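Sequence order for the protein chains is A and B. With the working numbering as the guide, the letters of the first sequence map in order to residues 79 to 220. With the working numbering as the guide, the letters of the second sequence map in order to residues 771 to 919. Backbone N, C-alpha and C define an ideal beta-carbon position, used for all residues, glycine too. In this text, all values refer to a predicted model and were calculated from it rather than measured experimentally.
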Amino acid sequence: MSGQVKFIDVEPGTELAPESYRVTRLSLVKYCGASGDFNVIHWNERIARSVGLPNVIAHGMFTMAEAGRYVTDWAGDQAGLLEFGVRFSSPVVVPDDDAGATIEISGKIEEKLDGNRVVLALTARSAESKVLTRARAVVRLP
Amino acid sequence: MAINRDYLGRTFPAADPYEVSRVKIGDFADAIGDPNPVFRDRATARAAGHADVIAPPTFAVVISMAAGSSAIADPGLGVNYAMVVHGEQRFEYSRPLMAGDVVTAQATITDIRDAGRNVLLTTRTEITTVDGEHVCTAHSTLVERGGAG
């Protein structure tokens, strides 16, 4: 955990360092249990393929959770997150192997608002596909 | 089977209050692979200004989805769950959820619309403590693929 980012030190247009997050079949099983979302497309390859998906896919909320982690790790504080929204544009396909899939997240300072608020625009990719679009977080900084 | 448009605007009664536990927060943080001790260790959380361990921001979906699932599972709504993927999600926070919180979640179906062959179903869920303090509002759009058939 780095120290907390200060509002005065933030400039619009600044690109934030990207991070990579791993997601395996085990991650999805754990996420099913922790979230209570047992939709079969997140753990049953046979049914996932039968409904036209390329394979088992990650919960969209798993990807959003990693994006949230990216934001709060950058801000150095959890309580400053005021708004957080994403659109799930493409699934994160998780093969049945030890490597799983990788979600790469990057961010940019889009705007500074009154009340020490900062708008972050986020990008998330997996296997060359944009898996999130319109991903934004509004964070209050000290 | 098509989605029943009569459900637009319907608010579902809040389920029994949900008690946020440290164990459940820890399990969730483990599942998303976030090692931050503020989700697990009370002393760390207190040093960061919280009364107890707090939950990762998207933990709110555990509560909002439980409320929304009563709507989605309603046979009268007519959703084929195997064809459902998550389209959009947005949260507005007053503060993080915290161990010891006892909250209720009330879901309202705010939009049902076709998008090509799919149907988009949007719900808004208000998460408030049993004492009436707003914690989070969750907006969720589910996509039923082929639902507009």
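CA-to-CA distance, residue j to residue i, given in whole angstroms
i	j	result
B/Glu896	B/Gly779	14 angstroms
A/Met79	B/Gly819	Low local confidence applies: a pLDDT of 45 at A/Met79 is under 50, so the model's placement there is unreliable, with the coordinate-based value given in what follows. Cα to Cα, A/Met79 sits roughly 16 angstroms from B/Gly819.
A/Leu210	A/Val217	19 angstroms
A/Arg103	A/Gly178	7 angstroms
B/Asp881	B/Leu890	8 angstroms
B/Asp822	A/Asp155	15 angstroms
B/Arg775	B/Leu847	8 angstroms
B/Arg792	B/Phe829	12 angstroms
A/Leu131	A/Glu123	9 angstroms
A/Arg212	B/Gly796	29 angstroms
B/Gln859	B/Asn888	17 angstroms
A/Pro90	A/Glu189	5 angstroms
B/Ile842	A/Ala112	20 angstroms
Rounded distance between the beta-carbons of residue j and residue i, thought under 8 angstroms
i	j	result
A/Arg141	A/Ala202	Going by the sequence as given, residue 141 of chain A is Thr instead of Arg. Right, the Cβ-Cβ distance comes to about 6 angstroms (below 8 angstroms), so this counts as a contact.
B/Ala852	A/Ile125	7 angstroms
Neighbourhood of residue i by C-beta, 6 angstroms cutoff - its chain only, sequence neighbours within 5 removed
i	result
A/Thr92	Ile187
A/Tyr99	Glu144, Ile181
Proximal chain B residues relative to residue i, where beta-carbon distance stays under 8 angstroms
i	result
A/Gly163	Glu858, Gln859, Arg860, Phe861, His909
A/Leu160	Glu862, Tyr863
A/Thr150	Asn806, Pro826, Pro827
A/Phe166	Val855, His856, Gly857, Glu858, Gln859
A/Ile119	Ala852, Val855
Chain-ordered chain A contacts of residue i [CB-CB under 8 angstroms]
i	result
B/Ala836	Gly114
B/Gly819	Ala157
B/Val832	Ala112, Ser113, Gly114
B/Phe798	Ala112, Ser113
Cβ neighbours of residue i in the same chain (closer than 8 angstroms, five flanking residues each side left out)
i	result
B/Ala784	Ala837, Thr874, Ala875, Gln876
B/Gly886	Ala918
Under 9 angstroms by beta carbon: chain A residues contacting residue i
i	result
B/Thr892	In chain order: nothing, as chain A lies at least about 12 angstroms away.
Neighbourhood of residue i by C-beta distance below 7 angstroms, restricted to the same chain and skipping five residues each side
i	result
B/His856	Leu912
A/Val83	Trp152, Ala153, Gly154, Leu219
Under 7 angstroms by beta carbon: chain B residues contacting residue i
i	result
A/Val129	Ala852, Met853
A/Phe140	Ile802
7 angstroms Cβ cut-off: residues of chain A touching residue i
i	result
B/Pro866	Gln156, Ala157
Quiz item: Hey, is the region 859 to 875 of chain B in contact with the region 900 to 918 of chain B, meaning 3+ C-beta pairs nearer than 8 angstroms?
Solution: yes
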